[in-house]
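Residue numbers (this note's numbering), protein chains in the order written: chain E, 80 to 496; chain W, 80 to 496.
All residues carry an ideal CB built from backbone N, CA and C; glycine is no exception.
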DNA sequence: TATGGTTTATTTAGTCCTGAATAAAGACGG
DNA sequence: CCGTCTTTATTCAGGACTAAATAAACCATA
């Protein structure tokens with residue numbers, strides 16, 4: 080409650096690495112300012128990192144009126160991470176470099192309902208790892224559509240996957256002998272956004288995802304809000320209409336059941352806009368082609384989303400809302416209903432809240448998951464627990480080859496509470 | 080000697096005082112555990128505080144198998160704080176001791192719409208201060224129904240008061256020459272709950288207030304969530320019904336317009352349950368007397384509140400929800416609709432979320448405001464800014480003059496609730 | 001070309017805090 | 001009564017970090 084003393088040096092060392100990964104080469108002076116430590120300490124820390132071979136001194140940067148800065152950059156071979164997205168019918172992988180860039184990606188069919196789902200995902204992941212580079216693999220980040228007890232534990236509850244207390248983290252750790260961090264996929268996306276995206280400039284923002292499900296990642300004071308059981312941001316189950324359609328969660332009329340992908344398809348089918356087996360793609364095509372009824376489906380969804388988001392903005396008072404997810408492909412149709420509904424539902428002092436829609440890529444979810452690993456350096460609140468410490472250790476150890484210590488398991492670091 | 084250069088030590092020093100105020104006499108060992116610092120440091124810090132006369136060594140507590148603890152207690156004369164609640168038609172004051180207990184209180188008529196409102200409240204406050212005790216006055220806490228930019232600044236936006244960018248903090252500071260902290264009243268209440276109430280045992284909880292308005296105080300990781308402009312928790316303006324009654328904010332169908340006090344009275348009048356000038360008290364009396372139509376008004380409000388709260392629980396994943404406010408007087412009627420609506424709208428993993436209804440007193444709002452001052456010791460995140468530092472300085476300075484005060488026994492600290 | 005101004009990096013002295021060892025003070029069982 | 005155990009409090013050596021002074025490197029300008 081009072082002060083967090085602790086072994087902060089470790090966090091600081093790798094916060095430098097993370098900053099360089101996210102921002103590119105930086106001078107010691109800028110690093111000290113960015114990380115809010117004294118220049119003296121920065122000299123000390125970078126000396127160690129240079130000696131360890133994790134950092135390299137680059138060219139001098141042109142002077143800005145005084146002594147020119149000697150830039151420091153990451154040594155590219157310092158590490159990489161793998162991100163995994165688990166969906167009901169497939170898993171997606173990406174491999175990212177230490178600076179956050181995607182090196183390669185893949186997607187494989189997968190059945191989350193199979194009894195062998197854990198060994199299946201392990202095997203697929205093993206194959207993906209095998210095809211990877213030679214630089215040290217720092218860890219695995221896994222994103223799931225559901226609640227995760229702790230990132231460093233990885234017990235998953237997910238209605239969408241039909242999983243109940245599934246030990247994803249423990250299994251993968253045991254099988255792969257790598258640090259594994261598991262998190263709700265929207266929260267992982269919010270962390271990625273904070274590290275590499277628009278969120279860099281904001282301390283308080285909301286990541287709103289539309290697609291199969293409807294979700295929110297909540298960032299407060301620069302940190303993702305997880306809630307007591309890791310289930311914060313489940314806005315897809317905000318009750319809207321007690322007589323509405325059945326939701327995967329068992330209740331009726333949840334937001335997600337109405338404007339999630341399945342909900343939109345259902346509405347479109349009922350209205351005869353798409354066929355009995357028509358999908359969201361057909362609906363979007365129709366809307367794009369000028370079908371007003373099809374466009375109305377999106378627009379009405381946008382209207383509802385706008386009203387719900389207004390409630391969230393009143394509740395959380397964010398500086399900006401970042402819209403992401405597969406559904407953004409049809410955002411031009413959503414926005415027609417969304418914007419007026421949002422603005423007219425806000426109290427005057429919030430009416431100017433910013434909304435940004437970012438471009439979406441197929442591997443964005445997996446990239447978000449990978450950022451769980453790359454974000455551990457920032458983890459001064461110990462969200463990642465002992466797995467985060469493991470990642471940091473790997474970052475430091477890989478640089479000193481003589482440290483060929485035998486396979487020793489992570490010392491059970493007695494997680495408090 | 081009195082003023083320490085480092086803010087960190089300062090925070091720790093007063094965290095001790097706050098803990099003793101909230102928890103009563105405590106041993107050094109327990110303090111070290113509670114504040115998460117080493118016993119060594121605790122010895123050091125308490126030595127200083129004892130020398131400064133802020134702490135006193137009390138009787139030995141019975142041994143628990145080992146060396147018996149020497150309890151430390153607050154010296155009651157170390158300070159007091161004043162809390163102010165500003166409402167559209169009155170202001171309320173309380174004076175609290177350093178342990179959080181109410182020493183005296185008052186309520187005065189007031190017109191927030193008058194052009195002289197700031198000088199009015201200043202004058203009333205001046206009079207209240209004049210009637211107070213002789214122990215050092217640490218500062219003033221002010222609770223307002225609206226958004227406050229920063230506690231240490233005190234620029235207020237409030238639809239309920241009809242205030243726009245009113246410099247409450249600056250004015251009071253200038254006129255009274257005391258530290259002044261201003262905060263949204265529900266947030267202040269949440270802080271009080273965290274310091275002295277049920278919230279002591281929870282890191283993540285929601286304070287839900289029903290009464291004139293509907294509000295929420297959001298506590299995440301033990302800290303009140305303010306949002307980027309200090310307006311988080313404004314759940315009263317969550318849009319419910321686009322065709323609903325007009326709200327003070329200018330929109331239609333806000334939650335507060337429907338189930339806030341005025342909304343309930345409006346409904347009751349429309350249904351002929353109370354007269355044209357009937358108030359909420361008449362409605363409650365009718366319901367208490369067995370009038371089913373009157374009870375239904377509350378029950379329906381409870382139903383709506385339960386559904387909205389379910390959305391909040393999904394969004395924020397709190398451990399417990401604490402219900403407060405004048406409206407709790409009729410909670411027995413609310414709960415009839417509230418409980419089933421809440422539980423049936425929650426996804427299964429959240430269905431067990433705890434809900435506690437605490438007893439409400441007239442001066443609770445003002446007491447919450449006062450806790451802004453008493454909470455500054457906990458303020459490691461610097462929420463209170465320079466005003467918080469001022470409070471801490473006053474706490475330390477006042478003790479120095481008569482440093483040779485004899486070992487006096489501190490009176491037993493009462494539990495404030 | 002000397003002089004001063006600016007920005008970056010390092011060194012130095014000192015503060016805050018911790019972990020570990022030690023002392024203090026009782027309970028308890030034989 | 002004695003030794004052992006447990007819990008509390010203090011002392012001490014050392015690590016992390018900072019502020020301030022200093023050094024280093026460049027620019028501008030009379």
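Counted within 10 angstroms of its Cβ, other Cβ atoms place residue 104 of chain W as buried (16 or more) or exposed: By the neighbour-count rule (16 or more Cβ atoms within 10 Å), residue 104 of chain W is buried.
Cβ contact (3+ pairs, closer than 8 Å) linking the segment 359-367 of chain W and the segment 338-345 of chain W: Touching, yes, given that three or more Cβ pairs across the two stretches are closer than 8 Å.
Beta-carbon neighbours of residue 318 of chain W, restricted to chain E and to distances below 8 Å: Going along chain E in sequence order, the residues near residue 318 of chain W (Cβ under 8 Å) are 386, 389, 390, 424.
DSSP-derived helix/strand/coil call for residue 288 of chain E: In the structure shown, residue 288 of chain E sits in a strand (DSSP, three-state: E or B).
Opening and closing residue of the alpha helix (DSSP H) in which residue 393 of chain E lies: According to the DSSP assignment, residue 393 of chain E belongs to the alpha helix (DSSP H) that extends over 371-395.
Residue 68 of chain W: first and last residue of the uninterrupted alpha helix (DSSP H) it sits in: Outside the shown range of chain W (80 to 496) lies residue 68 of chain W, about which nothing can therefore be said.
CB contact below 9 Å: residue 411 of chain W versus chain E: Interface criterion not met: the Cβ of residue 411 of chain W is under 9 Å from no Cβ in chain E.
Residue 468 of chain W at chain E interface by Cβ criterion, 9 Å: Not closer than 9 Å to any Cβ of chain E, the Cβ of residue 468 of chain W fails to qualify, so no.
Under the three-state DSSP convention, the category residue 82 of chain E falls into: Confidence at residue 82 of chain E is low in this model, with a pLDDT of 31, below 50, so its placement is unreliable and no value can be given for it.
9 Å Cβ cutoff met for residue 207 of chain W and residue 185 of chain W: Closer than 9 Å, so yes.
Between the CA atoms of residue 442 of chain E and residue 334 of chain E - distance to the nearest angstrom: Roughly 25 Å between the two C-alpha positions.
Reduced DSSP category for residue 109 of chain E - H, G, I as helix; E, B as strand; rest coil: Of the three classes helix, strand and coil, the one that applies to residue 109 of chain E here is helix, per DSSP.
Buried/exposed call for residue 203 of chain E, threshold 16 Cβ in 10 Å: Buried, because 16 or more other Cβ atoms sit within 10 Å of the Cβ of residue 203 of chain E.
Beta carbon proximity, residue 441 of chain W to chain E, threshold 9 Å: Chain E, which has no Cβ nearer than 9 Å to the Cβ of residue 441 of chain W, makes this no.
Local conformation of residue 115 of chain E per DSSP, three classes: In the structure shown, residue 115 of chain E sits in coil (DSSP, three-state: anything other than H, G, I, E or B).
Chain E contacts from the segment 297-310 of chain W (Cβ-Cβ distance under 7 Å): Residues 299, 301, 304, 306, 307, 308, 310.
Backbone secondary structure at residue 92 of chain E - three-state DSSP: In this structure, residue 92 of chain E counts as helix in the three-state DSSP scheme.
Residue 330 of chain W at chain E interface by Cβ criterion, 9 Å: Taking Cβ atoms only, chain E reaches closer than 9 Å to residue 330 of chain W, which makes this a yes.
Nonlocal neighbours in the same chain, by C-beta distance under 8 Å from residue 91 of chain W, ignoring five residues either side: Hits under 8 Å: 114, 116, 120, 124.
C-beta contact flag for residue 157 of chain W and residue 132 of chain W at 9 Å: Closer than 9 Å, so yes.
The beta strand (DSSP E) enclosing residue 297 of chain E, as first and last residue numbers: For residue 297 of chain E, the enclosing beta strand (DSSP E) begins and ends at 293-299.
Own chain, CB closer than 7 Å to residue 389 of chain W, minus 5 neighbours either side, in chain order: If we look at residue 389 of chain W and ignore the five residues flanking it on each side, its Cβ neighbours are 421, 424, 425.
8 Å Cβ cut-off: residues of chain W touching residue 262 of chain E: By Cβ distance, chain W contributes nothing, its closest Cβ being about 14 Å from residue 262 of chain E, past 8 Å.
Residue 399 of chain E vs residue 435 of chain E beta-carbon contact at 9 Å: Between residue 399 of chain E and residue 435 of chain E, the gap from beta carbon to beta carbon is short of 9 Å.
Proximity below 9 Å, CB of residue 298 of chain W to CB of residue 313 of chain W: Taking a C-beta distance under 9 Å as the contact criterion, residue 298 of chain W and residue 313 of chain W do not qualify as a contact pair.
Reduced DSSP secondary structure (H/G/I, E/B, other) of residue 239 of chain W: DSSP places residue 239 of chain W outside both helix and strand once states are collapsed to three, so it counts as coil.
Interface residues of the segment 367-385 of chain E facing chain W [CB-CB below 8 Å]: Within the segment 367-385 of chain E, no residue qualifies.
Proximal residues to residue 187 of chain W (C-beta, below 6 Å), its chain only, five neighbours per side dropped: If we look at residue 187 of chain W and ignore the five residues flanking it on each side, its Cβ neighbours are 170, 203.
C-beta contact flag for residue 224 of chain W and residue 240 of chain W at 9 Å: Between residue 224 of chain W and residue 240 of chain W, the C-beta gap is smaller than 9 Å, which places the two residues in contact.
Inter-residue Cα distance where the pair is residue 183 of chain W and residue 99 of chain E: Rounded to whole angstroms, residue 183 of chain W to residue 99 of chain E spans 57 Å at the Cα level.
Within-9 Å CB hit, residue 191 of chain W to chain E: Judged by the 9 Å Cβ criterion, residue 191 of chain W is not in contact with chain E.
Test: residue 428 of chain W CB closer than 9 Å to a CB of chain E: Chain E contact via Cβ: present.
Same chain, Cβ closer than 6 Å to residue 219 of chain E, neighbours up to 5 away in sequence not counted: The beta carbon of residue 219 of chain E sits closer than 6 Å to those of 161, 257, 259, all from its chain and outside the five residues before and after it, given in chain order.
Residue 166 of chain E in three-state terms, based on DSSP: Secondary structure of residue 166 of chain E (DSSP, three-state): coil.
Reference residue 338 of chain E; option with closest CA among E/196, E/286, E/231, E/381: Each of E/196, E/286, E/231, E/381 was checked against the Cα of residue 338 of chain E, and the nearest Cα belongs to E/381.
Any chain E beta carbon closer than 9 Å to residue 312 of chain W: It does; some Cβ of chain E falls within 9 Å.
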